[in-house]
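Protein chains in written order, with the working numbering: chain P, 1 to 158; chain U, 159 to 764. For each residue, glycine too, the CB sits at the ideal point set by N, CA and C. Read the structure below first, then the notes.
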């Protein structure tokens with residue numbers, strides 16, 4: 001995660017050739033590169049694509065995928081799908097909030113964890129489920145969650 | 159080399175491979191259950207021992223409750239499906255199979271020559287959409303072709319006119335599998351007849367319902383079927399560019415689709431001059447950015463155009479004025495996946511399956527408190543009871559069935575008394591639920607129906623785009639009422655207020671999200687009104703789920719082991735070692751962790 005390099009960001013935008021309708025794709029690519037959408041990145045996109053900044057922000061804030069603050073190295077996404085919900089997903093969220101000392105949508109001070117919820121990961125038969133970065137963990141219990149978080153904390157998982 | 163020559167070469171090549179196949183189900187579920195490690199272990203052992211076998215990956219086999227799954231396929235033994243496999247179990251399984259020709263029956267969950275629990279799971283299913291899913295390697299176009307893939311496209315391009323294709327799809331009776339059930343052939347006809355050029359094709363793969371994973375599994379397990387279906391559709395309606403709008407939360411599906419599109423282009427199934435004809439069709443992937451409302455077709459179109467995903471007033475329908483104001487045909491994943499088979503085998507074959515007004519099959523994601531959850535495909539006309547008890551094996555841990563939720567946040571909860579309901583669009587709608595895209599979440603006696611209604615409304619309230627006042631504010635007020643009922647501050651008249659608001663939101667909203675958002679509330683009020691009343695009058699939760707209405711207590715089973723005391727996040731538990739512990743009710747946040755960590759069933763919920 002770095003501060004925005006205008007030249008590099010421009011290359012991302014140019015790659016899409018500022019085509020009609022490519023705003024969301026550009027936002028996704030810039031976020032992919034920098035981890036989040038900073039104010040300067042949004043302004044740069046607005047200028048480069050000749051779309052009013054308010055409209056860029058309007059589109060970005062509409063979708064849950066976009067983030068406007070720097071996040072931790074590990075993003076923990078607790079699934080809140082129906083199957084997970086009736087299998088105790090809210091309990092897992094409680095444990096995570098308690099264990100990490102942060103609330104939903106927040107990042108730990110050491111920038112290691114960001115805690116989020118997700119509507120459904122589509123692994124319903126393994127409910128309750130959570131995802132850390134690209135890795136999905138299923139058939140969770142409160143104790144298992146604590147062990148997994150510990151593994152990340154101690155660098156045993158990445 | 160012409161295409162048919164290319165295909166022939168491929169077929170011969172793969173028939174020459176006469177080795178035992180070891181297939182590992184590497185769908186997202188399988189991977190989450192540890193299938194990647196199983197796959198690696200198999201590759202390792204096959205190469206180090208020099209065994210006459212090939213290790214392959216495949217998509218979702220469907221028996222998600224037994225993940226990770228490994229299938230052994232050989233000429234001698236047919237197919238043997240092994241469940242709950244871990245890397246540790248592999249060496250002994252492989253040794254006994256390849257040296258002694260036997261497998262410990264404990265691992266076998268289904269197989270050609272075995273009688274197993276899997277028989278009941280598969281017996282009542284009929285697989286069209288999922289016929290390749292879990293059988294072929296989704297990253298191999300050759301395997302798809304070997305199963306008859308792209309034959310439908312060939313037939314369509316070489317022997318049928320666009321009108322004949324549309325007629326065939328009309329006669330098949332196929333209705334949109336995204337939920338609403340509009341006749342697919344009719345949609346195509348409208349797009350074809352609409353003036354304007356170019357025309358577009360969209361595949362709605364924005365599977366947003368929580369509790370649904372049918373489309374994800376199909377995309378991961380058989381991506382070429384969707385590409386073939388879309389290409390046939392594009393030829394029929396006259397579209398030149400197609401978009402697959404897919405959830406960004408499905409990275410594996412995106413990866414496999416991208417690969418499949420490239421493979422299809424290389425073989426001239428996609429791109430310019432498809433199969434030597436003058437027909438050109440290209441395809442792009444658009445990753446959704448996370449907005450449930452984008453499952454609605456006009457909102458989805460707005461999103462592809464780079465805007466906020468706000469629904470638009472219909473008519474005009476996308477068939478006449480869709481993407482960039484041009485005629486656009488939009489169907490969901492499962493609908494397109496049916497097309498190659500319908501074209502190849504004919505509408506007569508397809509329409510023999512199902513009921514009078516709902517033809518063919520439907521894929522469901524069976525999950526929740528069900529013993530054997532998974533991905534299933536059943537003929538229309540099967541009853542809910544058959545799905546839950548015969549295929550799904552009833553309720554987990556011998557608990558009592560309470561309801562089955564169909565259609566996600568737009569659907570409803572169907573009670574035990576209506577389990578004889580048959581699966582077709584009209585019968586399901588009559589119960590107050592909807593067919594939906596195929597999410598089927600089973601609930602048991604430990605599920606609180608008021609809490610379930612609150613859960614869904616919280617979801618739709620959160621996902622309401624805000625355009626329509628009734629959806630934006632109405633769902634908020636409904637949520638507030640449900641929150642106070644589950645908190646123990648429900649008031650007399652709340653149920654009636656909910657019903658009144660529900661009908662207003664339904665009639666005052668522009669798109670499907672608002673029009674259906676009250677369904678979970680309306681169905682739970684209709685079938686489980688007594689649960690609402692107990693919450694309001696007696697301030698009790700019969701299912702013991704609503705936190706404000708329950709308390710945890712330690713009973714005499716307690717051995718004083720201290721596990722709960724150590725795990726309690728708020729230090730609400732006290733007690734000396736080997737003495738019965740106690741919970742400070744003032745401090746307790748009712749998270750239930752103590753109960754989970756207790757090995758002596760010493761913690762009761764009141």
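Please name the residue, chosen from the options, that lies closest to residue i on a Cα-to-Cα basis.
i, options, result
"residue 596 (chain U)", "U:713, U:607, U:302 and U:582", "U:582"
"residue 304 (chain U)", "U:312, U:313, U:311 and U:294", "U:294"
"residue 660 (chain U)", "U:677, U:645, U:648 and U:669", "U:677"
"residue 49 (chain P)", "P:11, P:71 and P:155", "P:11"
"residue 716 (chain U)", "U:740, U:729 and U:698", "U:740"
"residue 706 (chain U)", "U:750, U:688, U:346 and U:533", "U:750"
"residue 236 (chain U)", "U:264, U:269, U:754 and U:250", "U:269"
"residue 346 (chain U)", "U:354, U:363, U:327 and U:335", "U:327"
"residue 189 (chain U)", "P:139, P:82, P:63 and P:104", "P:139"
"residue 44 (chain P)", "P:63, P:23, P:137 and P:64", "P:23"
"residue 31 (chain P)", "P:57, P:66, P:51 and P:155", "P:66"
"residue 127 (chain P)", "P:19, P:87, P:57 and P:64", "P:87"
"residue 489 (chain U)", "U:219, U:387, U:469 and U:445", "U:387"
Taking all protein chains shown into account, decide if residue i is buried (16 or more other Cβ within 10 angstroms of its Cβ) or exposed.
i, result
"residue 107 (chain P)", "buried"
"residue 498 (chain U)", "buried"
"residue 572 (chain U)", "buried"
"residue 389 (chain U)", "buried"
"residue 537 (chain U)", "buried"
"residue 693 (chain U)", "buried"
"residue 133 (chain P)", "exposed"
"residue 169 (chain U)", "Note that residue 169 (chain U) has pLDDT 40, beneath the 50 cutoff, so the model's placement of it is unreliable and the number below is only indicative. So residue 169 (chain U) ends up on the exposed side."
"residue 1 (chain P)", "Reliability of the predicted coordinates at residue 1 (chain P) is poor, the pLDDT of 44 falling under 50, and the value obtained from them is presented with this limitation in mind. Residue 1 (chain P) comes out exposed."
"residue 519 (chain U)", "buried"
"residue 732 (chain U)", "exposed"
"residue 658 (chain U)", "exposed"
"residue 163 (chain U)", "The predicted model places residue 163 (chain U) with a pLDDT of 44, which falls under 50 and marks its position as unreliable, so this point remains unresolved."
"residue 761 (chain U)", "buried"
"residue 271 (chain U)", "exposed"
"residue 703 (chain U)", "buried"
"residue 764 (chain U)", "exposed"
"residue 173 (chain U)", "Since pLDDT at residue 173 (chain U) reaches only 41, below the 50 mark, its modelled position is unreliable, and no value is offered."
"residue 568 (chain U)", "buried"
"residue 409 (chain U)", "exposed"
Tell me, please, which residues DSSP counts as bridged to residue i.
i, result
"residue 547 (chain U)", "BP columns for residue 547 (chain U) are empty, so no partner."
"residue 240 (chain U)", "U:228 and U:266"
"residue 333 (chain U)", "U:341"
"residue 522 (chain U)", "U:534"
"residue 181 (chain U)", "U:214 and U:229"
"residue 732 (chain U)", "U:740"
"residue 115 (chain P)", "P:76"
In the DSSP assignment, find the unbroken beta strand (DSSP E) run with residue i in it and report its ends.
i, result
"residue 535 (chain U)", "532 to 537"
"residue 564 (chain U)", "559 to 564"
"residue 487 (chain U)", "486 to 490"
"residue 573 (chain U)", "570 to 573"
"residue 692 (chain U)", "Counting along the chain, residue 692 (chain U) falls outside any beta strand (DSSP E), and DSSP gives it neither H nor E."
"residue 446 (chain U)", "440 to 446"
What are the boundary residues of the alpha helix (DSSP H) that residue i is part of?
i, result
"residue 215 (chain U)", "Segment 211 to 216 is the beta strand (DSSP E) holding residue 215 (chain U); no alpha helix (DSSP H) there."
"residue 398 (chain U)", "Counting along the chain, residue 398 (chain U) falls outside any alpha helix (DSSP H), though it belongs to the beta strand (DSSP E) covering 397 to 405."
"residue 634 (chain U)", "633 to 644"
"residue 506 (chain U)", "505 to 509"
"residue 194 (chain U)", "193 to 207"
"residue 752 (chain U)", "751 to 755"
"residue 143 (chain P)", "142 to 153"
"residue 427 (chain U)", "Counting along the chain, residue 427 (chain U) falls outside any alpha helix (DSSP H), and DSSP gives it neither H nor E."
"residue 107 (chain P)", "Neither: residue 107 (chain P) is in no alpha helix (DSSP H) and is coded neither H nor E."
"residue 363 (chain U)", "Here residue 363 (chain U) belongs to no alpha helix (DSSP H); instead the beta strand (DSSP E) covers 357 to 363."
"residue 702 (chain U)", "Counting along the chain, residue 702 (chain U) falls outside any alpha helix (DSSP H), and DSSP gives it neither H nor E."
Kindly give me the distance between the Cβ atoms of residue i and residue j, rounded to whole angstroms, as I take these residues to be in contact under 8 Å.
i, j, result
"residue 587 (chain U)", "residue 576 (chain U)", "Not quite, the Cβ-Cβ distance comes to about 12 Å (not below 8 Å), so this is no contact."
"residue 42 (chain P)", "residue 53 (chain P)", "7 Å"
"residue 443 (chain U)", "residue 423 (chain U)", "Not really, about 13 Å apart at Cβ, beyond 8 Å."
"residue 414 (chain U)", "residue 297 (chain U)", "6 Å"
"residue 184 (chain U)", "residue 197 (chain U)", "6 Å"
"residue 608 (chain U)", "residue 640 (chain U)", "7 Å"
"residue 394 (chain U)", "residue 323 (chain U)", "4 Å"
"residue 633 (chain U)", "residue 656 (chain U)", "About 11 Å separates the two Cβ atoms, so there is no contact after all."
Between residue i and the ligand ADP, is there a pair consisting of the residue's CB and a ligand heavy atom that are separated by less than 7 Å?
i, result
"residue 60 (chain P)", "The model on display carries no ligand, and the ligand ADP is accordingly not part of it."
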